[in-house]
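**Q**
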């Protein structure tokens, strides 16, 4: 089993840090005013939001195991048999995907007779391609 974590662009990380800082500042302001116990729903919402915005950064990964590429991002999961992947190429397409960077790889594969693609952003693209036994085109 080989595991690859998603590369995270600096601006994504900066957004996560800034949003977390803002939410913590709101929580600290509520505490200073003595409002935390008066507004438990707001407090819970802020704390839950912090966990949710960091979830993809911690959880997005690509696992190659038993002849399959398993892509996990938050509660989503894709399983693609390696023999169905027929092309891999670099891309900067910003379409929504399980990738936290714009330094991406587009994997083209066939599923149930239909051509599909998924975009990933492993930290080590060369090792990822080698593990898939494919060359970048």
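In the working numbering, the protein residues as written are 1 to 137.
From the three backbone atoms N, C-alpha and C, an ideal C-beta is built for every residue, glycine too.
(1) Counting C-beta neighbours from all protein chains within 10 Å, is the total for residue 95 16 or more, i.e. buried, or is it exposed?
(2) Which residues share a DSSP beta bridge with residue 90?
(3) With burial defined as no fewer than 16 other Cβ atoms inside 10 Å of the residue's Cβ, what is the status of residue 98: buried or exposed?
(4) Comparing the C-beta of residue 85 with each C-beta of chain C, is any distance below 7 Å?
(5) Can you list, in chain order, the residues of its chain whose CB lies under 8 Å from that of residue 85, leaving out five sequence neighbours each side?
(6) So residue 39 is in the alpha helix (DSSP H); what residue range does that whole segment cover?
(7) Given this structure, state the Cα-to-Cα distance separating residue 91 from residue 29, to the nearest angstrom.
(8) For the alpha helix (DSSP H) containing residue 130, list its first residue and its last residue.
(9) Check whether the segment 31–41 touches the segment 51–70, counting contact only when three or more Cβ pairs, one atom from each stretch, lie closer than 8 Å.
(10) Hey, out of 67, 105, 119, whose CA is closest to residue 125's CA?
(11) Could you have a look at residue 122 and say whether DSSP puts it in helix, strand or coil?
(12) So, for residue 19: in the same chain, excluding its five sequence neighbours on each side, which residues have a beta-carbon less than 6 Å away from its beta-carbon?
(13) Going by beta-carbon coordinates alone, are residue 4 and residue 62 separated by less than 7 Å?
(14) Going straight from the alpha carbon of residue 64 to that of residue 9, what length do you get?
**A** Reading it off the structure:
(1) The residue in question, residue 95, is exposed, as its Cβ has fewer than 16 Cβ neighbours within 10 Å.
(2) 105, per the DSSP bridge assignment.
(3) By the Cβ-count criterion, residue 98 is buried, with 16 or more other Cβ atoms from all chains shown falling within 10 Å of its own Cβ.
(4) Among the protein chains of the structure shown there is no chain C, as only one such chain exists.
(5) Cβ within range, chain order: 69, 107, 108, 109, 132, 134.
(6) No alpha helix (DSSP H) holds residue 39; DSSP gives it neither H nor E.
(7) In this structure, the straight-line span from the alpha carbon of residue 91 to that of residue 29 is close to 43 Å.
(8) Per DSSP, the unbroken alpha helix (DSSP H) holding residue 130 starts and ends at 125–132.
(9) Segments in contact, no.
(10) Ranking the options by Cα distance to residue 125, first place goes to 105.
(11) Of the three classes helix, strand and coil, the one that applies to residue 122 here is strand, per DSSP.
(12) Around residue 19, the same chain offers 53 as residues with beta carbons nearer than 6 Å, after the five sequence neighbours per side are excluded.
(13) Going by C-beta atoms, residue 4 is nearer than 7 Å to residue 62.
(14) The alpha-carbon separation between residue 64 and residue 9 amounts to approximately 23 Å.
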